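Numbering (the UniProt record's numbering), first residue to last: 1 to 106.
Beneath this line is the structure, given in structure tokens, with notes to follow.
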Ligand SMILES: [Zn+2]
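Here's what the structure looks like:
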């Protein structure tokens with residue numbers, strides 16, 4: 001009488017399962033890649049808030065305006081404009097709507 005699971009059958013089954021797993025993993029990878037593209041469309045806007053006004057120090061050296069210069073996430077429909085500042089993000093990202101909050105890197 002034959003063994004219910006010969007070594008050969010076991011190997012075949014193992015290969016079949018591994019192959020099935022690979023196909024599934026590939027599908028998941030493609031899905032998650034699609035999701036990240038279609039997921040949250042966003043823009044990055046640069047803050048032009050002047051933190052320190054241009055000034056002349058006691059040695060007579062002039063210093064330019066020091067601007068915030070941080071990049072903030074914004075919805076795609078919000079476009080960069082020259083005087084865009086961190087606090088403009090209050091509507092969609094109140095946590096980062098302040099020049100004092102460090103920039104997020106993704
Ligand atoms: Zn800022």
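We put the beta carbon where it would ideally sit given N, CA and C, even for glycine.
Small disclaimer: the values here were computed from a predicted structure and weren't measured.
Neighbour-count burial assignment, residue i, 16 or more Cβ in a 10 Å radius
| i | result |
| --- | --- |
| residue 53 | exposed |
| residue 70 | buried |
| residue 100 | exposed |
| residue 95 | exposed |
| residue 20 | exposed |
| residue 86 | buried |
| residue 29 | exposed |
| residue 117 | No answer is possible for residue 117: the residues shown for the chain start at 1 and end at 106. |
Proximity test, residue i beta-carbon vs ligand 1 heavy atom, cut-off 8 Å
| i | result |
| --- | --- |
| residue 85 | yes |
| residue 70 | yes |
| residue 99 | yes |
Residue j beta carbon less than 9 Å from that of residue i
| i | j | result |
| --- | --- | --- |
| residue 78 | residue 45 | yes |
Integer-rounded CB distance, given that residue j should sit under 8 Å from residue i
| i | j | result |
| --- | --- | --- |
| residue 55 | residue 48 | No, residue 55 and residue 48 are not in contact; Cβ-Cβ is about 18 Å, not under 8 Å. |
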